[in-house]
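The opening residue of the sequence shown carries number 966 in my numbering; numbering runs sequentially from there. We put the beta carbon where it would ideally sit given N, CA and C, even for glycine.
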Amino acid sequence: MDQTTKTWVFDDLDDLDDLDYEFEQDTVVDVDPPDPAHLAACGESERVRLIDAYVRAELARVLRVPPHTIDTEGRPMNSLGIGSINGLELQRRMEAALHLDVNLNMLLRANSAAELIECLSGQLGPGDSPHKRGGQGVHLVSHDGPGTT
(Lines of atoms letter the chains of each structure in order from A and count residues from 1; the text may use other names and numbers.)
(Lines give C-alpha, C1' and ligand atoms only; values in the text may rest on other atoms or scores of the structure.)
Protein backbone atom coordinates (compact mmCIF):
# COMPACT_ATOMS: atom_id res chain seq x y z
CA MET A 1 0.00 0.00 0.00
CA ASP A 2 1.48 3.36 -0.98
CA GLN A 3 1.79 6.26 1.47
CA THR A 4 -1.17 8.21 0.00
CA THR A 5 -3.51 5.26 0.47
CA LYS A 6 -2.24 4.63 4.00
CA THR A 7 -2.83 8.27 4.87
CA TRP A 8 -6.32 8.17 3.39
CA VAL A 9 -7.29 4.93 5.13
CA PHE A 10 -5.68 5.54 8.52
CA ASP A 11 -5.89 9.33 8.81
CA ASP A 12 -8.81 9.42 11.24
CA LEU A 13 -7.82 6.42 13.34
CA ASP A 14 -5.84 8.61 15.72
CA ASP A 15 -9.13 10.30 16.68
CA LEU A 16 -10.74 7.05 17.79
CA ASP A 17 -10.71 6.41 21.53
CA ASP A 18 -12.10 2.89 21.22
CA LEU A 19 -13.89 0.50 18.90
CA ASP A 20 -17.33 1.90 19.81
CA TYR A 21 -16.56 5.29 18.24
CA GLU A 22 -19.21 4.99 15.53
CA PHE A 23 -21.95 4.14 17.99
CA GLU A 24 -20.97 6.88 20.42
CA GLN A 25 -21.82 9.38 17.70
CA ASP A 26 -25.38 8.04 17.25
CA THR A 27 -28.19 10.32 18.26
CA VAL A 28 -30.54 8.91 20.87
CA VAL A 29 -34.02 10.40 20.61
CA ASP A 30 -36.61 10.15 23.35
CA VAL A 31 -40.01 9.76 21.72
CA ASP A 32 -43.10 10.98 23.52
CA PRO A 33 -46.10 9.76 21.48
CA PRO A 34 -49.19 11.94 21.46
CA ASP A 35 -52.34 10.71 23.20
CA PRO A 36 -54.79 9.38 20.55
CA ALA A 37 -57.75 10.75 22.52
CA HIS A 38 -56.19 14.22 22.53
CA LEU A 39 -55.46 13.95 18.80
CA ALA A 40 -59.11 13.10 18.09
CA ALA A 41 -60.29 16.08 20.14
CA CYS A 42 -57.90 18.80 18.94
CA GLY A 43 -58.13 20.89 15.78
CA GLU A 44 -56.58 19.82 12.51
CA SER A 45 -53.57 22.18 12.59
CA GLU A 46 -52.70 21.15 16.17
CA ARG A 47 -53.13 17.46 15.28
CA VAL A 48 -50.84 17.79 12.25
CA ARG A 49 -48.25 19.63 14.37
CA LEU A 50 -48.30 16.93 17.08
CA ILE A 51 -48.14 14.06 14.60
CA ASP A 52 -45.38 15.78 12.63
CA ALA A 53 -43.29 16.08 15.81
CA TYR A 54 -44.05 12.45 16.70
CA VAL A 55 -43.26 11.03 13.23
CA ARG A 56 -40.11 13.13 13.02
CA ALA A 57 -38.99 11.83 16.44
CA GLU A 58 -39.76 8.20 15.52
CA LEU A 59 -37.87 8.52 12.23
CA ALA A 60 -34.96 10.15 14.04
CA ARG A 61 -34.93 7.39 16.64
CA VAL A 62 -34.98 4.62 14.04
CA LEU A 63 -32.38 6.31 11.82
CA ARG A 64 -30.28 7.57 14.78
CA VAL A 65 -30.15 11.15 13.56
CA PRO A 66 -31.32 14.46 15.09
CA PRO A 67 -35.05 15.07 14.46
CA HIS A 68 -34.46 18.47 12.84
CA THR A 69 -32.46 16.78 10.04
CA ILE A 70 -35.44 14.71 8.83
CA ASP A 71 -36.76 16.00 5.49
CA THR A 72 -40.49 15.32 5.76
CA GLU A 73 -41.44 16.98 2.48
CA GLY A 74 -39.00 16.26 -0.30
CA ARG A 75 -37.81 12.68 0.04
CA PRO A 76 -39.51 9.28 -0.19
CA MET A 77 -39.23 7.05 2.86
CA ASN A 78 -36.64 4.78 1.22
CA SER A 79 -34.55 7.82 0.34
CA LEU A 80 -34.63 8.86 4.00
CA GLY A 81 -33.11 5.48 4.83
CA ILE A 82 -36.24 3.56 5.82
CA GLY A 83 -35.87 -0.01 4.58
CA SER A 84 -37.66 -3.20 5.44
CA ILE A 85 -36.03 -3.80 8.81
CA ASN A 86 -36.21 -0.32 10.30
CA GLY A 87 -39.55 0.14 8.53
CA LEU A 88 -40.86 -2.83 10.50
CA GLU A 89 -39.55 -1.24 13.71
CA LEU A 90 -41.21 2.06 12.79
CA GLN A 91 -44.47 0.28 11.96
CA ARG A 92 -44.56 -1.60 15.27
CA ARG A 93 -43.70 1.47 17.33
CA MET A 94 -46.42 3.55 15.65
CA GLU A 95 -49.00 0.80 15.99
CA ALA A 96 -48.29 0.42 19.71
CA ALA A 97 -48.27 4.16 20.40
CA LEU A 98 -51.23 5.21 18.27
CA HIS A 99 -53.41 2.06 18.53
CA LEU A 100 -53.93 1.57 14.81
CA ASP A 101 -52.62 -0.67 12.02
CA VAL A 102 -49.90 0.74 9.79
CA ASN A 103 -49.55 -0.93 6.38
CA LEU A 104 -45.82 -1.69 6.11
CA ASN A 105 -45.81 -1.88 2.31
CA MET A 106 -47.54 1.50 2.03
CA LEU A 107 -45.23 2.98 4.68
CA LEU A 108 -42.15 1.89 2.74
CA ARG A 109 -43.56 3.23 -0.53
CA ALA A 110 -44.80 6.55 0.86
CA ASN A 111 -43.77 9.53 -1.27
CA SER A 112 -42.68 11.39 1.86
CA ALA A 113 -42.99 11.47 5.61
CA ALA A 114 -45.50 14.31 5.04
CA GLU A 115 -47.77 11.79 3.29
CA LEU A 116 -47.56 9.54 6.36
CA ILE A 117 -48.23 12.51 8.66
CA GLU A 118 -51.27 13.58 6.63
CA CYS A 119 -52.69 10.07 6.63
CA LEU A 120 -52.11 9.60 10.36
CA SER A 121 -53.70 12.98 11.03
CA GLY A 122 -56.79 11.96 9.10
CA GLN A 123 -56.99 8.56 10.79
CA LEU A 124 -56.59 9.99 14.27
CA GLY A 125 -58.91 12.93 13.73
CA PRO A 126 -62.68 13.26 13.93
CA GLY A 127 -64.92 10.52 12.52
CA ASP A 128 -65.74 12.40 9.32
CA SER A 129 -62.17 12.39 7.97
CA PRO A 130 -61.77 11.10 4.39
CA HIS A 131 -58.81 9.03 5.63
CA LYS A 132 -60.97 6.90 7.91
CA ARG A 133 -61.27 3.24 6.93
CA GLY A 134 -64.18 2.46 4.67
CA GLY A 135 -63.22 4.84 1.87
CA GLN A 136 -61.90 3.85 -1.54
CA GLY A 137 -58.48 2.29 -2.05
CA VAL A 138 -55.75 0.91 0.15
CA HIS A 139 -54.97 2.91 3.27
CA LEU A 140 -51.63 3.49 4.91
CA VAL A 141 -53.24 3.14 8.32
CA SER A 142 -56.53 1.77 9.67
CA HIS A 143 -58.37 2.05 12.94
CA ASP A 144 -58.83 -1.70 13.38
CA GLY A 145 -56.08 -1.90 15.98
CA PRO A 146 -52.65 -3.48 15.71
CA GLY A 147 -52.53 -6.97 14.27
CA THR A 148 -56.16 -7.13 13.15
CA THR A 149 -55.70 -6.82 9.38
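Query                                                                                                                                             : Result
Could you pull the start and end residues of the alpha helix (DSSP H) that E1038 belongs to?                                                      : Run containing E1038: none; DSSP gives neither H nor E here.
Alpha carbon to alpha carbon, how far is I1047 from R1058?                                                                                        : 14 Å
Between R1029 and A1006, what straight-line distance do the alpha-carbon atoms span, to the nearest angstrom?                                     : 32 Å
Output the distance between the C-alpha atoms of G1087 and L1004, rounded to the nearest integer angstrom.                                        : 10 Å
Go to N1070, then tell me how far its alpha helix (DSSP H) extends in each direction, as first and last residue.                                  : 1069–1074
Would you check if the stretch 1071–1085 and the stretch 1038–1052 touch, i.e. whether three or more CB-CB distances between them fall below 8 Å? : yes
Quick one: Cα of D1036 to Cα of V996, how far?                                                                                                    : 18 Å
Helix, strand or coil for D1066? Go by DSSP, reduced to three states.                                                                             : strand
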